[in-house]
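Per this note's numbering, the sequence shown starts with residue 1398, numbered consecutively. Note that the Cβ used here is the ideal one computed from N, Cα and C, for glycine as well. What follows is one structure encoded as structure tokens, with my remarks underneath.
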Amino acid sequence: MGRDAAKSASDERVRLDVDERRERLLALGRELFSERSYEEISIGDIAKAAGISKGLLYHYFPGKRDFYVAVVRDAAQDLLDRTEPPEATPGDVDLLHAKLDAYLEYVEENFRAYALLLRSGIGSDREVLAIVEGTREAFVERLQTSLPFSAPTPLMRAALRGWVGFVEAASLDWIERRDVERAELKQLLAQTLVAAVIAAGGQVT
């Protein structure tokens, strides 16, 4: 292997190591911030839990707030990525159930990250709130473009946004109490979505 090739391989390993370390820190952050509040956790606590020095942690994140924002953003993106079901024909009513199955499966398998995302916030930190609200907006857009309902109106959009909030609250109750079957919850969510659409003057096609 030539000198340039060896250097390139070495740089690639370093990059991969950095990316892997950052991902591990973000995963740790989900656990820490889902169990304790932002104010209760210090940079020292994070570094100790990660088994690294505070100096190395600062190498990845300038401060605790930056770390927290990165954790929330990572949780939001993971939720969006992993709740997108396989391609289906728009207008297919089965798509609604596929989306709900994907969503509830994510919630059940990643309840800490899910709870962190929905309960996140540093007072009125605009960046954190924008991440959370952006996730909700993304789900509303998915509903508007892929589900078998008539064209959205401002009232319809309000109904869909309200339904997303209902899904969040019901899902949190479900994973905390564990006294409702997943199939029952999915049916409830599907029925309330149809009811919200009809109440807003829409039709299920």
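Counting only the same chain and skipping the five closest in sequence on each side, list residues whose C-beta sits under 8 Å from that of residue i.
i	result
Ala1587	Leu1493, His1494, Leu1497
Gln1584	none
Arg1421	Ala1447
Output yes or no for whether 8 Å exceeds the beta carbon distance between residue i and residue j.
i	j	result
Ala1473	Leu1514	yes
Leu1501	Arg1579	yes
Asp1463	Ala1510	no
Ala1446	Leu1429	yes
Val1504	Ser1517	no
Leu1454	Ala1467	no
Lys1451	Gly1441	yes
With a CB to CB cut of under 6 Å and the five nearest residues on each side skipped, what residues in its chain are close to residue i?
i	result
Leu1557	Val1537, Leu1540
Ala1593	Ala1556, Trp1560
Arg1470	Ile1528
Phe1508	Ile1572
Val1577	Trp1571
Glu1530	none
Leu1569	none
Sorted by chain position, which residues of the same chain lie with C-beta nearer than 7 Å to residue i's C-beta, five sequence neighbours on each side aside?
i	result
Leu1582	Leu1501, Ala1567, Trp1571
Ser1434	none
Val1415	none
Ala1650	Because the chain spans 1398 through 1602 in this model, residue 1650 falls outside it and cannot be assessed.
Leu1425	Ala1446, Ala1447
Could you work out which residue in the options is closest to residue i when comparing CA atoms only?
i	options	result
Ile1528	Leu1590, Glu1428, Glu1432, Leu1477	Leu1477
Gly1599	Leu1552, Val1577, Thr1480, Leu1526	Leu1552
Arg1479	Glu1534, Lys1461, Tyr1455, Glu1506	Glu1506
Glu1481	Arg1421, Ala1499, Tyr1465	Ala1499
Pro1549	Glu1437, Glu1420, Ile1449, Ala1597	Ala1597
Glu1366	Ile1449, Tyr1465, Glu1420	An answer regarding residue 1366 cannot be provided, because it is not within the stretch 1398 to 1602 covered by the chain.
Less than 8 Å between the CB atoms is what I'm expecting for residue i and residue j, so what's the real figure, rounded?
i	j	result
Ala1512	Ser1431	5 Å
Arg1427	Tyr1457	Their Cβ separation, rounded to whole angstroms, is 15 Å, which puts Arg1427 and Tyr1457 out of contact at 8 Å.
Thr1532	Phe1563	Not a contact, Cβ separation roughly 15 Å.
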